[in-house]
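One structure is given here, and the rest of the page talks about it.
Protein chains in written order, with the numbering used here: chain E, 1443 to 1649; chain C, 818 to 1020.
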């Protein structure tokens, strides 16, 4: 929980909400969180990954009461990702043991089809007894300034959270990257280019 | 052939004539092409020029600028990653408390390797922020926030929120300050020559 303690790594965006009164906006924001709330992976199901919003200080809670979700000017919450990874090595071992037992019983090795079926069944069994790995990424959105911070640097996860927030809150997130800041300052490619003396000294162009 | 050349020949890096083999030349060109792509994507080159300018600027004891009425100073810390698009070396990491200000580092910068990521200390008045900044997206990594003033548990979260946002705003403000300089004739006519003089100093 980087927001609560320790060092922080963050990716920043600008996210401006349409102007509306504070009371209706609060409720709308909490509803948006609830709509995309985290749901645990079903034990007997097929999915191996689940992701969604959870409360910042309680990663099993998805009520998003005002006291849990608002800290002064900030809306705070987390993005939880649960993954079940069936160990490939363990699956290979189980399949090898099953193949041996099959051969002992039927006095012949299993066919490719039989092995595929067995592998699928074994995988399901292992999946049912493998606990999910949980990762949580904090998010803080200053509703006055429009600054949204994701406490995460993994591009894949940042993209996923960005998409979830944009869809749930009907808002566009603008990263605070060199490209976007360059555009926001009204600069144009024709007028600001790489400095040759710094980027490729001694050469006339980038070769 | 020397022993080094013998080893290079055994690896297939050079031929009997001592020159790089076709495969080695192609691999190097592929690497440089990838480096050029990364350099151009999303104006990463601008982020690198920014960090390089910031290093030069940090040599001065003058404040970078004022932020909410307080002076901002910067110091580079113990680790830098430099990247380039031409030449045999396209990436270099230097480590050491004074590595950023070393002759080795200035030599690399003088030869087209710009700063891609750096450990920085930004001081805003009495507050210090230690973190790593990267040129590609201006992401802030492993930031150590200043000590909190409050002991109250509930207020601690808000104070951390305030400080992390302040750090992000600070980085953005310094970058925009750089962009404002970058768009003026002063960049080409004064600042770049001064940076080059600084890189060549002590030779």
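No residue lacks a Cβ here, since even glycine has one placed at the ideal position from N, Cα and C.
Inter-residue Cα distance where the pair is residue i and residue j
{"i": "residue 1612 (chain E)", "j": "residue 1508 (chain E)", "result": "20 angstroms"}
{"i": "residue 942 (chain C)", "j": "residue 879 (chain C)", "result": "13 angstroms"}
{"i": "residue 951 (chain C)", "j": "residue 975 (chain C)", "result": "26 angstroms"}
{"i": "residue 1622 (chain E)", "j": "residue 850 (chain C)", "result": "24 angstroms"}
{"i": "residue 1451 (chain E)", "j": "residue 1445 (chain E)", "result": "9 angstroms"}
{"i": "residue 937 (chain C)", "j": "residue 892 (chain C)", "result": "6 angstroms"}
{"i": "residue 987 (chain C)", "j": "residue 884 (chain C)", "result": "7 angstroms"}
{"i": "residue 1015 (chain C)", "j": "residue 1580 (chain E)", "result": "42 angstroms"}
{"i": "residue 894 (chain C)", "j": "residue 948 (chain C)", "result": "9 angstroms"}
{"i": "residue 1566 (chain E)", "j": "residue 1545 (chain E)", "result": "22 angstroms"}
{"i": "residue 985 (chain C)", "j": "residue 1541 (chain E)", "result": "58 angstroms"}
{"i": "residue 929 (chain C)", "j": "residue 827 (chain C)", "result": "32 angstroms"}
{"i": "residue 961 (chain C)", "j": "residue 896 (chain C)", "result": "16 angstroms"}
{"i": "residue 830 (chain C)", "j": "residue 840 (chain C)", "result": "8 angstroms"}
{"i": "residue 855 (chain C)", "j": "residue 890 (chain C)", "result": "30 angstroms"}
{"i": "residue 977 (chain C)", "j": "residue 821 (chain C)", "result": "55 angstroms"}
{"i": "residue 998 (chain C)", "j": "residue 1004 (chain C)", "result": "6 angstroms"}
{"i": "residue 1001 (chain C)", "j": "residue 886 (chain C)", "result": "25 angstroms"}
Own chain residues within Cβ distance below 8 angstroms of residue i, not counting five before or after
{"i": "residue 1496 (chain E)", "result": "1479, 1480, 1502, 1503, 1504, 1519, 1520, 1521, 1522 and 1578"}
{"i": "residue 1569 (chain E)", "result": "1490, 1526 and 1528"}
{"i": "residue 973 (chain C)", "result": "965 and 967"}
Per-residue DSSP class, three states only, for residue i
{"i": "residue 888 (chain C)", "result": "strand"}
{"i": "residue 1584 (chain E)", "result": "strand"}
{"i": "residue 894 (chain C)", "result": "strand"}
{"i": "residue 1644 (chain E)", "result": "coil"}
{"i": "residue 950 (chain C)", "result": "strand"}
{"i": "residue 1012 (chain C)", "result": "helix"}
{"i": "residue 1649 (chain E)", "result": "For residue 1649 (chain E), the pLDDT reaches just 49, beneath the cut-off of 50, and the residue's location in the model is therefore unreliable, leaving the point undetermined."}
{"i": "residue 1428 (chain E)", "result": "The structure shown does not extend to residue 1428 (chain E), since chain E is modelled only from 1443 through 1649, so no value can be given for it."}
{"i": "residue 944 (chain C)", "result": "strand"}
{"i": "residue 1448 (chain E)", "result": "coil"}
{"i": "residue 1485 (chain E)", "result": "coil"}
{"i": "residue 965 (chain C)", "result": "coil"}
{"i": "residue 1505 (chain E)", "result": "coil"}
Check: residue i C-beta below 7 angstroms from any heavy atom of the ligand NAD
{"i": "residue 1552 (chain E)", "result": "As presented, the structure is devoid of all ligands, the ligand NAD included, so that no description of it is given."}
Span of the beta strand (DSSP E) around residue i
{"i": "residue 933 (chain C)", "result": "931-941"}
{"i": "residue 961 (chain C)", "result": "957-961"}
{"i": "residue 914 (chain C)", "result": "Taken as a continuous stretch (DSSP letters only), residue 914 (chain C) belongs to no beta strand (DSSP E), as it is neither H nor E."}
Cross-strand partners of residue i (DSSP beta bridge)
{"i": "residue 1453 (chain E)", "result": "E:1592"}
{"i": "residue 1520 (chain E)", "result": "E:1496 and E:1580"}
{"i": "residue 1512 (chain E)", "result": "E:1517"}
{"i": "residue 860 (chain C)", "result": "According to DSSP, which records beta bridges pairwise, residue 860 (chain C) is partnered with nothing at all."}
{"i": "residue 1491 (chain E)", "result": "E:1525"}
{"i": "residue 1617 (chain E)", "result": "E:1455"}
{"i": "residue 1479 (chain E)", "result": "E:1495"}
{"i": "residue 883 (chain C)", "result": "C:888"}
{"i": "residue 1575 (chain E)", "result": "E:1525"}
{"i": "residue 837 (chain C)", "result": "C:831"}
Element boundaries [alpha helix (DSSP H), containing residue i]
{"i": "residue 1598 (chain E)", "result": "1597-1611"}
{"i": "residue 972 (chain C)", "result": "970-999"}
{"i": "residue 904 (chain C)", "result": "Residue 904 (chain C) -> no alpha helix (DSSP H), and no H or E assigned at all."}
{"i": "residue 1637 (chain E)", "result": "Counting along the chain, residue 1637 (chain E) falls outside any alpha helix (DSSP H), and DSSP gives it neither H nor E."}
{"i": "residue 1624 (chain E)", "result": "1620-1626"}
{"i": "residue 1550 (chain E)", "result": "Premise fails: residue 1550 (chain E) is in no alpha helix (DSSP H) and is neither H nor E."}
{"i": "residue 922 (chain C)", "result": "920-927"}
6 angstroms Cβ shell around residue i - same chain, five flanking residues per side excluded
{"i": "residue 873 (chain C)", "result": "1012 and 1015"}
7 angstroms Cβ shell around residue i - same chain, five flanking residues per side excluded
{"i": "residue 953 (chain C)", "result": "859, 861 and 864"}
{"i": "residue 922 (chain C)", "result": "897, 911 and 916"}
{"i": "residue 996 (chain C)", "result": "none"}
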